[in-house]
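Colleague: Attaching a single structure in structure tokens format; questions to follow.
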Amino acid sequence: MSTEQSSEFVSRVEARSIRVGVVGLGYVGLPLAVEFASNGFDVTGFEVSAEKAASVNAGESYIQDVPAGEVRRLADAGRLRATTDFGELAEIDAIVVCVPTPLNKTKEPDISFILTAAERIRAAMRPGQLIVLESTTYPGTTDEVLLPMLAASGLELDRDFFLAFSPERVDPGNEHFQTRNITKVVGGVSEASTDAAAALYGAVVESVHRVTSARVAETAKLLENTFRAVNIGLVNEIAQLCHQLGIDSWEVINAARTKPFGFMAFYPGPGIGGHCIPLDPHYLSWKARLHGFEAKFIGLAEEVNSRMPQHVINLVTEGLNRHRKAVNGSRLLVLGVAYKRDIDDVRESPALSIIGKLVDLGADVTYHDPHVPVLRLEDDHGRSAGSSRVVTLESVELTDSALGAADCVVVVTDHGSVDYGRVLRLAGLVVDTRNITSGLLTPELAAKVVRL
Ligand code: SAJ
10 MSTEQSSEFV SRVEARSIRV GVVGLGYVGL PLAVEFASNG FDVTGFEVSA
60 EKAASVNAGE SYIQDVPAGE VRRLADAGRL RATTDFGELA EIDAIVVCVP
110 TPLNKTKEPD ISFILTAAER IRAAMRPGQL IVLESTTYPG TTDEVLLPML
160 AASGLELDRD FFLAFSPERV DPGNEHFQTR NITKVVGGVS EASTDAAAAL
210 YGAVVESVHR VTSARVAETA KLLENTFRAV NIGLVNEIAQ LCHQLGIDSW
260 EVINAARTKP FGFMAFYPGP GIGGHCIPLD PHYLSWKARL HGFEAKFIGL
310 AEEVNSRMPQ HVINLVTEGL NRHRKAVNGS RLLVLGVAYK RDIDDVRESP
360 ALSIIGKLVD LGADVTYHDP HVPVLRLEDD HGRSAGSSRV VTLESVELTD
410 SALGAADCVV VVTDHGSVDY GRVLRLAGLV VDTRNITSGL LTPELAAKVV
460 RL
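What the sequence shown shows, in the working numbering, is residues 10 to 461, in sequence order.
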């Protein structure tokens, strides 16, 4: 039921008299802050990084999808500013929290960034504020954790403040789907909170999808990304099965996708990377375990996906063996180390585990990635026990000699800027984990290639 307060809040949104605060100006927060400012709101970004705050105030952008010119225009117009003083949250009417939610070393949720943000909000709270959490998290975080923390201020839900969850759906590098044209799911811990949050986002996105609770919104986000992890796991298992049967899994998938309904193509790869797909499902399975429920699909997908780097090592071993060579002492050139094509992000990239394993097997490993000039391998990147060496590599130039000298070239990430026909011509052996060479193969070249 709407309250008098939520009606008043909605009116202020419509009048653009709401001051918006975005906590965390990363790949989610900065585009969102710019979107609100571009739609007539007065926006303050709250950052723990003085450097990021200074960049925004100087009209600069450090996020690939946010044009610096847009930041400069809004900063110059006084619509967008950033601060590290969280006490200024007291002056904000709508606070949107966009902080990281990683996993800890034992792959359990780490919501410490959310808790720190919530504590800072509690300390500055006053009547008339809406707080929205966007960070991907387990079902119940908003109503079980955030609500009590904020209520400890002495302020009362619906009377003094509103609280909702609305999952971020930013897809870095996606030129078609940007903040404005991606439907925003919104779920409040009360109906009045849903009203307030739906009004806020309704001012900047084309479509808002209201749900009846914050938990539904939290779980919807986790389903979205668990769906991907499970289906990627399925095709990775199919690929290993096809390899055993001598069947081309890529041809199988491309045939299946001709079905105009009831099928969605996913493709095998060297494993899954990024800050969403490998991590988000663990938030759901962790919560399930607390309730004595085992989320079997999530566990199985993790098992299959996390073993793909070893499968790649097996393919390299298989290929070298054809040339009577061992991995130990062989010169291996890895092409592409970012977690997916045409980006520079190496978080959770399977390349880290593949290179770590090859180094531990005694191979002489170099890599080429036009987007990643330096790569640092920590201990836990698939390294064998005791290999405490932290290895730092620099991307090598993809020269004819580098390609010719390699005993094996391993395509881990298929960046668009690489000429794979040249790689095939100059390399003696290619392990292709992305099917990027299939359209280039003559019978002679095909003899050089081992495909996933
Ligand atoms: N991958 C495969 N096979 C596939 C698809 C992906 O092996 O068929 C691998 C990629 O190489 C990568 C990892 O999985 O290592 C994740 O790839 P992704 O395409 O899911 O890309 P992300 O991690 O950037 O996921 C983001 C997510 N966006 C948000 O969480 C807001 C995801 O929900 C999007 O669906 C995805 O982008 C997208 O579609 O681009």
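Think of the CB as a built atom: it goes at the ideal place given N, C-alpha and C, for glycine as much as any other residue.
1. To the nearest angstrom, report how far apart Ala84 and Phe55 are at their CA atoms.
2. Measure the C-alpha to C-alpha separation of Thr401 and Leu386 and round it to an integer number of angstroms.
3. Examine ligand 1 and report whether any of its heavy atoms sits within less than 7 Å of the Cβ of Val179.
4. Alpha carbon to alpha carbon, what distance is there between Arg266 and Asp409?
5. Short of 8 Å in beta carbon distance, which residues of its chain neighbour Ser70, apart from the five on each side in sequence? Order them along the chain.
6. Cβ of Ile101 within 7 Å of any heavy atom in ligand 1?
7. For a quick check, are the C-beta atoms of Val336 and Val325 less than 8 Å apart?
8. So the candidates are Leu341, Gly255, Ile364 and Arg333; which of them puts its Cα closest to the Cα of Ala347?
9. Among residues of its own chain, excluding the 5 on either side of Val421, which ones have a beta-carbon nearer than 7 Å to its beta-carbon?
10. State the beta-bridge partners of Leu460 as determined by DSSP.
11. Using 8 Å as the threshold, is the C-beta distance between Cys285 and Asn234 below it?
12. Do you know offhand how far Leu159's Cα is from Arg131's?
13. Going by CA-CA distance only, name the one from Tyr429, Leu454 and Thr228 that's closest to Trp295.
14. Within the region 66-144, note down every full alpha helix (DSSP H) run reaching 4 residues or more, in order along the chain.
15. Assuming the contact rule is C-beta atoms closer than 8 Å, Pro181 and Asp74 should be a hit. Round their C-beta distance to whole Å, please.
16. If we require 3 or more residues per run, which beta strand (DSSP E) segments fall completely within the region 273-360?
17. Could you tell me the boundaries of the beta strand (DSSP E) in which Ala160 lies?
18. Pick out whichever of Leu370, Val405, Ala372 and Leu367 has its Cα sitting closest to the Cα of Val383.
19. Within 10 angstroms of its Cβ, does Met273 collect 16 or more other Cβ (buried), or is it exposed?
20. Going by DSSP in three states, Leu172 sits in which element: helix, strand or coil?
21. Can you find a heavy atom of ligand 1 that lies under 7 Å from the Cβ of Ile286?
22. Give the single residue among Glu165, Thr93, Leu367 and Glu357 whose Cα lies nearest to the Cα of Gly338.
23. So if DSSP puts Val29 in a beta bridge, which residue, or which two residues, is it bridged to?
24. List, from N- to C-terminal side, the beta strand (DSSP E) runs of 3 residues or more that fit wholly inside the region 179-231.
25. Have a look at the DSSP bridge pairing and note the partners of Thr401.
26. Pick from Thr12, Gly35 and Phe50: whose alpha carbon is nearest that of Val22?
27. Mind reading off the beta-carbon distance from Gly30 to Ile120? Whole number of angstroms is fine, and I expect it under 8 Å.
28. Looking at Phe4: is its Cβ nearer than 8 Å to the Cβ of Leu142?
29. Relative to the C-alpha of Leu370, which residue among Leu243, Arg340, Leu156 and Tyr376 is closest?
30. Per DSSP, which residues does His377 bridge with? Please list them.
31. Going by beta carbon distance, what residues of the same chain come within less than 6 Å of Thr237, once the five residues before and after it are set aside?
32. If you compare alpha carbons, which of Leu450, Leu412 and Asn48 is closest to Leu209?
33. Drop a sphere of 10 angstroms on the beta-carbon of Thr192, count the other beta-carbons inside from all chains shown, and report buried for 16 or more, exposed for fewer.
34. Grouping DSSP H, G and I as helix and E and B as strand, with all else coil, what is Val368?
35. Per DSSP, what kind of secondary structure is Leu39 in: helix, strand or coil?
36. Val261 lies in the beta strand (DSSP E); which residues open and close that run?
Modeller: Inspection of the coordinates gives the following:
1. 14 Å
2. 6 Å
3. yes
4. 37 Å
5. Leu39, Ser64, Pro76, Ala77, Glu79 and Val80
6. no
7. yes
8. Ile364
9. Pro279, Val343, Leu344, Gly345, Val346, Pro359, Ala360, Ile363 and Thr442
10. First, the residue type needs correcting, since residue 460 is Arg and not Leu in the sequence shown. According to DSSP, which records beta bridges pairwise, Arg460 is partnered with Asp441.
11. yes
12. 5 Å
13. Thr228
14. 77-85 and 121-133
15. 6 Å
16. 340-344
17. It is not in any beta strand (DSSP E) - Ala160 instead sits in the alpha helix (DSSP H) that spans Leu156 to Ala160.
18. Val405
19. exposed
20. strand
21. yes
22. Leu367
23. Val52 and Ala103
24. 193-197 and 217-220
25. Arg385
26. Phe50
27. The Cβ separation is near 20 Å, so there is no contact.
28. There is simply no residue 4 to check, as the chain begins at 10 and stops at 461 in what is shown.
29. Arg340
30. Leu344
31. It should be pointed out that residue 237 corresponds to Arg in this sequence rather than to Thr. These residues qualify, in order along the chain: Ile286.
32. Asn48
33. exposed
34. helix
35. helix
36. Looking at the DSSP string, Val261 is not in any beta strand (DSSP E); the run it does join, the alpha helix (DSSP H), is Ser258 to Ala265.
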